[in-house]
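**Q**
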Amino acid sequence: LALMGVEPYVRVYGCGTLCLKREIGIYMNTYRVGVIADTHVPKSLPALPGEIAQRFQGVDLILHAGDVTGKEVLDELRL
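For the sequence shown, my numbering begins at 1349 and goes up steadily by one.
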């Protein structure tokens, strides 16, 4: 979403209430998840754009949502 100019939100559940926060990482039990899909590496691109690695710095988990066309992209995502 950040790549598309959409500001991310984090939903934090606790104490019986739902809190919407704009700042990621302010809770001790908050995890940062990077989501990517349709990479088509190396079919359409030789490698992931460098911006992907920058955006995923510090994430706790990367979720690839499909269209993995080669193991190269998974190797690249192992930051």
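Heads up, the beta-carbon is just placed ideally off N, CA and C, and yes, glycines get one too.
Computed from a predicted structure; not experimentally measured.
Give the range of the beta strand (DSSP E) segment to which L1393 is assigned.
**A** The residue given as residue 1393 occupies position 45 in the sequence shown. Premise fails: L1393 is in no beta strand (DSSP E) and is neither H nor E.
**Q** The beta strand (DSSP E) that contains V1381, what's its start and end?
**A** Here residue 1381 refers to the residue found at position 33 of the sequence shown. Start and end: V1381 to I1384.
**Q** Bridge partners for I1410 per DSSP, in chain order?
**A** The residue labelled residue 1410 in the question sits at position 62 within the sequence shown. G1382.
**Q** Pull up the distance between the alpha-carbon of P1390 and that of A1413, whole angstroms please.
**A** Along the sequence shown, read from residue 1 onward, the residue named residue 1390 stands at position 42. Along the sequence shown, read from residue 1 onward, the residue named residue 1413 stands at position 65. When rounded, the distance between both Cα atoms is 17 Å.
**Q** DSSP three-state call for A1418: helix, strand or coil?
**A** Position 70 of the sequence shown, counted from the start, is the residue given in the question as residue 1418. Note that residue 1418 is Gly in the sequence shown here, rather than Ala. Three-state result, G1418: coil.
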